[in-house]
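Residue numbers (my numbering): 177 to 617.
Positions of the beta carbon are idealized from the N, C-alpha and C atoms, including for glycine.
If you're wondering where the values come from, they're calculated on a predicted model, not measured in any experiment.
A quick write-up on the structure given underneath.
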Amino acid sequence: MRISVIGCGYLGAVHAASMASLGHDVVGIDVDPGKVARLAAGTAPFYEPGLPELLAEVGRTGRLTFSTDMAAAAGATVHFLCVGTPQKHGEFRADLSYVESAFEALRPHLAPGDVVAGKSTVPVGTAEDLAARLAGSGASLVWNPEFLREGFAVQDTLHPDRLVYGLPTDDEGVPTPEGDAARALLDEVYAAPLSEGTPLVVTDYATSQLVKVAANSFLATKISFINAMAELCEATGADVTSLADAIGYDARIGRRFLNAGLGFGGGCLPKDIRAFMARAGELGVDQALSFLREVDAINMRRRVRMVDLAREVSAGSIVGKRVAVLGAAFKPNSDDIRDSPALSVAAQMQLQGAHVTVTDPQAVENARAKWPDLKYAATALEAAQDADVVVLATEWDEYRDMVPEDLGEVVAHRAIVDGRNVLDPKVWRAAGWTYRALGRP
Ligand code: UGA
């Protein structure tokens, strides 16, 4: 199958490489010449485990090319829209300008029988609007949301939990003949994961768009639920990690995504719950999602609480104190700093008068570009040199595995705030550290 992938960010670059590895002929298209040049040279423009190897593997086959010219999409049969939908400046709504411009640029290059497959996370109603603009062209639109996690993007793309096709349907909700034809093409694209038994949900446009934001809203709610419990634990001397273990054994609840701490960030969860609330408001059902406002508020409160804890272990003030922040990425195994809780905490402490040094195995370069006023170090030991307090903000393995004695050698005071509840308090306290965490005594 000849495929084009429009937008080569975290989603598109991985999708393009993965589709090529499944045996398709793929062209990745992006407006950023720097990104295209790096991808064309076989280099990943961001940190994603497994992507460099995949690019090298498919590079040898010649099945993957990149271009800045939308005309390169001509001749492909399925065109995946993978551009970003960030939060609009000063509003909760999603900024659809990249979807708009990519779609309009692609339109003249579509041939009858082509399928545009939307992967970007969009407010419900977007697919219907785009499909209407294809009427009479002979090309059709499907909505095919993506559920990959950064850090596991290659694995999630090649072996997804599920596939969802939102097809054009008639008044009774039955796929139109155009919808059936589009489905057959997608089945061909995804023949490998489908043959592994990947569950497939075939539905209408509205449901397919809602599935994505519903999934992310559920995940965000799960995290904020446990963080709300952490607040209760803090007020009562209980331990949220034991609480999460205990409720997580109930298979109906499940332990995954019940890790209390600094909360969620990144380019997806925060902006998706906000865009969902905004869309619900437009649809006149804002009450249905008013709980997401609380989910957001609980999440943001954790960042403030983290700064409070740093202050508590610094004898009541962080003014003039040296603080080492371990982690800049919004989660481990990524260099993505979009809405990173770690950097939000680092910046707050700096603004409040602390001297903050940040380190991260992969995200320092991105962090420095966004927050040039913070100090950066290459390693945890370097960042913690003479520190009055160490703040663990992103749970990279190398921070989980730190030896308290080694870190203790370089700091000025043995005080640590574990923002991700990944260290063993007993071990750290035994080594003479003042250990504090969110939701733990
Ligand atoms: C999220 C979803 O998990 C993906 O399924 C979805 O495809 C993606 O958004 C997207 O919309 O594109 P991602 O943003 O890569 O994926 O990150 P997650 O693994 O969901 O983590 C989000 C945040 O939640 C991170 O900051 C993480 O540290 C935090 N988190 C996660 C917790 O605080 N506690 C947990 O128990 C789990």
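Rounded straight-line distance, which links the Cα of residue j to that of residue i
i, j, result
"aspartate 415", "isoleucine 399", "16 Å"
"arginine 544", "tyrosine 552", "7 Å"
"valine 532", "alanine 250", "51 Å"
"alanine 315", "glycine 266", "36 Å"
"alanine 382", "tyrosine 341", "11 Å"
"lysine 388", "threonine 297", "7 Å"
"alanine 613", "glycine 413", "12 Å"
"alanine 426", "aspartate 271", "In the sequence on display, residue 426 carries aspartate and not alanine. Cα to Cα, aspartate 426 sits roughly 39 Å from aspartate 271."
"asparagine 622", "isoleucine 179", "Outside the shown range of the chain, which is 177 to 617, sits residue 622, and nothing can be said about it."
"glutamine 526", "proline 375", "48 Å"
"threonine 465", "phenylalanine 452", "Sequence inspection shows leucine at residue 465; the threonine mentioned does not correspond to that position. About 8 Å."
"asparagine 320", "glutamine 463", "28 Å"
"glutamine 524", "alanine 367", "49 Å"
"threonine 397", "alanine 247", "42 Å"
"isoleucine 592", "leucine 361", "54 Å"
"valine 291", "aspartate 208", "24 Å"
"alanine 559", "arginine 576", "16 Å"
"proline 288", "serine 313", "6 Å"
"histidine 255", "alanine 504", "34 Å"
"alanine 500", "arginine 309", "53 Å"
"alanine 193", "glycine 327", "15 Å"
"aspartate 201", "methionine 177", "6 Å"
"tryptophan 572", "lysine 507", "8 Å"
"alanine 235", "leucine 334", "One point to set straight first is that residue 235 is glycine, not alanine, in the sequence displayed. When rounded, the distance between both Cα atoms is 17 Å."
"aspartate 363", "leucine 502", "44 Å"
"asparagine 435", "valine 534", "23 Å"
"leucine 395", "cysteine 444", "11 Å"
"proline 617", "glycine 424", "20 Å"
"lysine 211", "aspartate 245", "13 Å"
Local conformation of residue i per DSSP, three classes
i, result
"methionine 467", "Reading off the sequence, residue 467 comes out as phenylalanine, not methionine. Note: phenylalanine 467 maps to helix in three-state DSSP."
"aspartate 421", "helix"
"tyrosine 611", "strand"
"aspartate 577", "coil"
"threonine 535", "strand"
"valine 350", "coil"
"threonine 219", "coil"
"alanine 560", "coil"
"threonine 302", "helix"
"arginine 309", "helix"
"arginine 432", "coil"
"tryptophan 572", "coil"
"phenylalanine 279", "helix"
"tryptophan 319", "strand"
"alanine 553", "strand"
"arginine 498", "strand"
"alanine 239", "Note on residue identity: the sequence assigns arginine, not alanine, to residue 239. Three-state DSSP puts arginine 239 in coil, outside helix and strand."
"aspartate 512", "coil"
"alanine 270", "strand"
"serine 490", "coil"
"valine 587", "coil"
"valine 259", "coil"
"valine 461", "coil"
"aspartate 201", "strand"
"aspartate 484", "helix"
"valine 593", "strand"
"arginine 325", "coil"
"glycine 188", "helix"
"valine 207", "coil"
Contact test: residue i Cβ vs the ligand ZN heavy atom, cutoff 7 Å
i, result
"glutamate 322", "Among the ligands in the structure shown, the ligand ZN does not appear; only the ligand UGA can be found there."
Those residues which DSSP pairs with residue i across a bridge
i, result
"tyrosine 341", "Val378"
"valine 603", "According to DSSP, valine 603 bridges with nothing at all."
"serine 180", "Val203, His255"
"valine 292", "His255, Leu317"
"arginine 455", "For arginine 455, which the question treats as bridged, DSSP gives no partner whatsoever."
"arginine 359", "Partner(s): none; arginine 359 has no beta bridge."
"valine 565", "Val499"
Cβ-Cβ separation, residue j to residue i (assumed contact under 8 Å), whole Å
i, j, result
"alanine 293", "leucine 257", "7 Å"
"alanine 569", "valine 521", "6 Å"
"glycine 455", "valine 275", "Residue identity differs from the one stated: residue 455 is arginine in this sequence, not glycine. Not quite, the Cβ-Cβ distance comes to about 14 Å (not below 8 Å), so this is no contact."
"glutamine 263", "lysine 447", "4 Å"
"glycine 442", "aspartate 515", "6 Å"
"proline 225", "asparagine 509", "6 Å"
"alanine 358", "leucine 343", "6 Å"
"alanine 607", "glutamate 581", "6 Å"
"alanine 189", "alanine 220", "7 Å"
"valine 480", "valine 565", "Rounded, the Cβ-Cβ distance is 16 Å, inconsistent with contact."
"valine 181", "glycine 199", "Not a contact, Cβ separation roughly 15 Å."
"glycine 595", "leucine 419", "The Cβ separation is near 18 Å, so there is no contact."
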